[in-house]
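Undergrad: Before we start, here is the structure in question, set down as structure tokens.
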């Protein structure tokens, strides 16, 4: 099962989600069964590491940023991913616009797994500088995604 996290620049929310989800997959003993990556809908930050605020927050929570390099989403990502989890409605709209028709049902908002919060967005901390809030939002949603994806493995 392949999971791709997507935000605008792939330097704040999606790399944080990637690092967190990789740790959750590892903790659950699911390495090799669930593969995780991230990308951005923009190529503006291509080749850059995580935003310093995102990196600081990830390090504070014991997460590595070593292999996190920003890149734009590609056609191959749509083929590869079973789940494309994005952080806000603008990125969801942009993904649905560029996705091949057969891959549009793979695109989800991060909060979609929480009843009553399906349309909630994870704000971009590049603007708000509230990186810990981003971590907390992801920490609320990602365990539920892991449960959902694990059930689909069986």
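Numbering (the numbering used here), first residue to last: 18 to 171.
C-beta: ideal position from N, C-alpha, C; glycine also.
#1: With burial defined as no fewer than 16 other Cβ atoms inside 10 Å of the residue's Cβ, what is the status of residue 94: buried or exposed?
#2: Assuming contact is defined by CB atoms lying nearer than 7 angstroms, are residue 18 and residue 139 in contact in what I supplied?
#3: When we look at the beta-carbon of residue 92 and count the other beta-carbons within 10 Å, is it buried (16 or more) or exposed?
#4: Terminal residues of the continuous beta strand (DSSP E) containing residue 45?
#5: Candidates 69, 73 and 161: which alpha carbon is nearest residue 132's?
#6: Could you tell me whether the segment 142 to 159 touches the segment 83 to 91, where touching means 3 or more Cβ pairs closer than 8 angstroms?
#7: Which residues in the same chain as residue 32 place their Cβ atom closer than 6 angstroms to its Cβ, once the five residues preceding and following it in sequence are excluded?
#8: DSSP three-state label for residue 170, please.
#9: Which partner residues of residue 101 appear in the DSSP bridge assignment?
#10: At which residues does the alpha helix (DSSP H) containing residue 72 begin and terminate?
#11: In terms of alpha-carbon separation, which member of 171, 106 and 25 lies closest to residue 61?
#12: Which residues in the same chain as residue 174 place their Cβ atom closer than 8 angstroms to its Cβ, once the five residues preceding and following it in sequence are excluded?
#13: Roughly how many angstroms separate the alpha carbons of residue 109 and residue 135, rounded to a whole number?
#14: Residue 111 lies in the alpha helix (DSSP H); which residues open and close that run?
#15: Compute the distance between the beta-carbons of residue 170 and residue 50, then report whether it is under 7 angstroms.
TA: Let's see:
#1: buried
#2: no
#3: exposed
#4: Where residue 45 is concerned, there is no enclosing beta strand (DSSP E), given that its DSSP letter is neither H nor E.
#5: 161
#6: no
#7: 55, 67 and 85
#8: helix
#9: 21 and 124
#10: 69 to 77
#11: 25
#12: Residue 174 is absent from the structure shown; the chain starts at 18 and stops at 171.
#13: 13 angstroms
#14: 106 to 115
#15: yes
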